[in-house]
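Residue numbers (the working numbering): 1064 to 1257. Quick reminder that beta carbons are idealized off the backbone N, C-alpha and C, glycines included. Notes follow the structure.
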């Protein structure tokens, strides 16, 4: 049974899920006095993972994982985040794309990791850690999936989750083409606690 999204407001930056978001973003742009741009507690790097073949190894993964931007202030974060595609777009049959000179490439995952930590298990900080995985089925609805993703990211960069110092990053992965259990996956990656 699908949830009815019209009756519940969601934290979504997709106008199809939150029609009022465009007017809000226009009235709250991130330009203005640089003195009013507080630094984030940690510097974060936004990454994207371009589509990979079925036979992949760690070197292919590393090459397909590309840095998009470094975010160190609240305004820098919102300058990018306001233009990031929301997971609900995937439910509409769309794909995240990176347009390059040689064509369009599908982006399989969006990632936000602390500066100096690559979003891969081979990174020394991640190698002895673990992760929590949330498999979100399309039946939850785009608005709720967007809200879970946005709240996860905002809590992470704001340091408002318990043991935030242990979390190294978060990934959003498009697994809707998975034959057995199509879903959107969110992974919270953590370093070793001991």
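Residues that residue i bridges to, as DSSP identifies them
i: residue 1126; result: Paired residues: none, contrary to the question.
i: residue 1232; result: 1176, 1252
i: residue 1238; result: 1246
i: residue 1110; result: 1130, 1174
i: residue 1199; result: 1247
Residues near residue i in its chain [Cβ-Cβ closer than 7 Å; skip 5 each side]
i: residue 1125; result: 1183
i: residue 1190; result: 1184
i: residue 1193; result: 1253
i: residue 1256; result: 1229
i: residue 1152; result: 1077
i: residue 1123; result: 1115
Beta-carbon separation (whole angstroms), residue i vs residue j, contact threshold 8 Å
i: residue 1232; j: residue 1175; result: 6 Å
i: residue 1246; j: residue 1239; result: 7 Å
i: residue 1100; j: residue 1222; result: Between residue 1222 and residue 1100 the Cβ distance is about 17 Å, and since that is not below 8 Å, they are no contact.
Exposure label - residue i; buried when at least 16 CB within 10 Å
i: residue 1133; result: exposed
i: residue 1250; result: buried
i: residue 1254; result: buried
i: residue 1150; result: buried
i: residue 1155; result: exposed
i: residue 1181; result: buried
i: residue 1162; result: exposed
i: residue 1130; result: exposed
i: residue 1139; result: buried
i: residue 1195; result: exposed
i: residue 1164; result: exposed
i: residue 1215; result: buried
Residue i beta carbon near the ligand NAP (any heavy atom closer than 7 Å)
i: residue 1137; result: Only the bare structure without any ligand can be found here, which leaves the ligand NAP out of the picture.
Cut-off 6 Å between Cβ atoms - residues of its own chain near residue i, not counting five sequence neighbours on either side
i: residue 1066; result: Reliability of the predicted coordinates at residue 1066 is poor, the pLDDT of 48 falling under 50, and the value obtained from them is presented with this limitation in mind. Once the five neighbours on either side are set aside, the close Cβ partners of residue 1066 are 1204.
i: residue 1198; result: 1246, 1248
i: residue 1112; result: 1127, 1128, 1171, 1172
i: residue 1114; result: 1169, 1171
i: residue 1106; result: 1135, 1178
Own chain partners of residue i with C-beta closer than 8 Å, once the 5 adjacent residues on each side are dropped
i: residue 1064; result: Note that residue 1064 has pLDDT 45, beneath the 50 cutoff, so the model's placement of it is unreliable and no number is given.
Write down every uninterrupted run of the alpha helix (DSSP H) in the region 1135-1175 whose length is 4 residues or greater and which is fully enclosed by it, in chain order.
Unbroken alpha helix (DSSP H) runs of no fewer than 4 residues, entirely contained in the region 1135-1175, are found at 1137-1144, 1151-1154, following chain order.
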